[in-house]
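A short worksheet on the structure shown next.
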Ligand SMILES: [Zn+2]
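Residue numbers (my numbering): 68 to 409.
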């Protein structure tokens with residue numbers, strides 16, 4: 068993958084390339100801002116490729132075949148480190164930043180740029196942020212730091228003020244759909260649905276496109292929702308069934324899987340609401356399932372759909388990573404609300 072393949076982030080890519088074009092020394096610290104899945108990590112990795120490529124093209128693209136490009140693609144380049152939030156942690160702590168510091172002050176193994184890409188900057192603990200700030204204040208030569216976060220307010224102003232800030236806005240769904248069709252050979256309708264569901268985040272859509280299991284789980288969940296008895300007596304069983312379907316997703320924490328299924332469920336009720344209100348099927352998130360949706364939308368009142376959507380969104384917020392809310396209880400309350408509210 069090269070910089071030109073990054074979907075819909077032409078502006079950020081052009082700015083990064085301009086450093087190389089001017090043959091200026093790139094700045095040492097960057098802050099990439101945008102929602103998760105919008106292309107920040109992909110762009111950072113490809114910038115690292117370009118900086119270290121042995122044979123970049125005249126259009127300032129990494130060659131993708133030299134030793135360095137292959138090592139970055141494979142995740143084993145000794146000078147390019149992706150610092151991610153450990154799976155079992157909710158914060159990026161001082162240990163992770165200490166490791167960065169130790170490594171940054173040693174010389175580069177392959178003699179070019181050392182690049183540190185720090186994901187989920189919004190989860191840096193105060194101690195970790197202070198340690199990072201110290202590194203950014205006196206960056207070692209030939210070291211480049213790219214911090215990723217959703218919004219400017221998510222990182223301490225002392226850090227943001229030392230960084231070149233690049234914005235990664237949500238991508239148009241037509242662009243994402245076309246990319247999914249071409250790269251992943253998806254049918255038009257599924258590509259369009261995934262692009263709509265992704266809300267402008269190609270990474271989210273690509274994850275689903277790549278992973279048949281997620282697609283199957285989404286299908287199973289939508290089928291189940293379409294046949295769910297609207298009866299408060301079914302609430303506890305519904306909560307269990309919802310968790311069971313979510314648990315079939317692979318990888319990640321249980322809470323992430325629940326969050327993913329809450330998003331799918333929201334898209335289902337949002338589509339039914341849309342059909343009730345306007346009947347414009349072109350705007351459906353689950354466009355590939357439109358025949359099924361059109362058959363059932365009249366069974367639900369507007370009040371029911373509004374309230375179901377609100378309840379789902381509230382539960383989604385309650386179960387954000389880092390919260391201590393009891394997950395089972397939250398789902399049971401959610402289904403009691405939804406199924407009692409026709
Ligand atoms: Zn190369």
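Think of the CB as a built atom: it goes at the ideal place given N, C-alpha and C, for glycine as much as any other residue.
What three-state label does DSSP hand residue i in the structure shown?
{"i": "residue 96", "result": "strand"}
{"i": "residue 156", "result": "coil"}
{"i": "residue 216", "result": "strand"}
{"i": "residue 181", "result": "strand"}
{"i": "residue 297", "result": "coil"}
{"i": "residue 231", "result": "strand"}
{"i": "residue 191", "result": "strand"}
{"i": "residue 119", "result": "helix"}
{"i": "residue 164", "result": "helix"}
{"i": "residue 80", "result": "helix"}
{"i": "residue 73", "result": "coil"}
Thinking residue i and residue j are a contact (beta carbons under 8 Å), I'd like their distance in whole angstroms, please.
{"i": "residue 268", "j": "residue 388", "result": "Residue 268 to residue 388, Cβ: 17 Å. No contact."}
{"i": "residue 354", "j": "residue 256", "result": "6 Å"}
{"i": "residue 111", "j": "residue 213", "result": "4 Å"}
{"i": "residue 182", "j": "residue 118", "result": "7 Å"}
Among the residues of its own chain, which have a CB less than 7 Å from the CB of residue i, if the five just before and after it don't count?
{"i": "residue 242", "result": "74 and 75"}
{"i": "residue 409", "result": "Because residue 409 carries a pLDDT of 44, less than 50, the predicted location of this residue cannot be relied on, and no value is offered for it."}
{"i": "residue 384", "result": "none"}
{"i": "residue 71", "result": "128"}
{"i": "residue 276", "result": "247, 251, 253 and 261"}
{"i": "residue 326", "result": "383 and 386"}
{"i": "residue 282", "result": "275"}
Can you name, in chain order, every residue of its own chain whose Cβ lies under 6 Å from the Cβ of residue i, other than the five neighbours on each side?
{"i": "residue 158", "result": "190 and 192"}
{"i": "residue 348", "result": "357"}
{"i": "residue 407", "result": "299"}
Ignore the nearest five residues each way along the sequence and tell me which others in residue i's own chain have a CB closer than 8 Å to its CB.
{"i": "residue 240", "result": "259, 262, 263, 265 and 267"}
{"i": "residue 397", "result": "382, 385 and 386"}
{"i": "residue 151", "result": "186 and 187"}
With DSSP as the reference, identify every bridge partner of residue i, one or two as the case may be.
{"i": "residue 210", "result": "181"}
{"i": "residue 144", "result": "Residue 144 pairs with nothing; no bridge assigned."}
{"i": "residue 150", "result": "185"}
Spell out whether any CB of chain C is found under 8 Å from the CB atom of residue i.
{"i": "residue 87", "result": "No chain C appears in this structure, which consists of one protein chain only."}
Ranges of the alpha helix (DSSP H) found wholly within the segment 333-377, counting only runs of at least 4: You should have 357-363.
Ordered list of alpha helix (DSSP H) runs contained in the segment 259-335, each at least 4 residues: Segments of the alpha helix (DSSP H) lying fully in the segment 259-335: 269-277, 279-293 and 302-314.
Environment of ligand 2 in chain order, Cβ to heavy atom below 7 Å: With respect to ligand 2, the structure shown offers nothing to examine, as its ligands consist of ligand 1.
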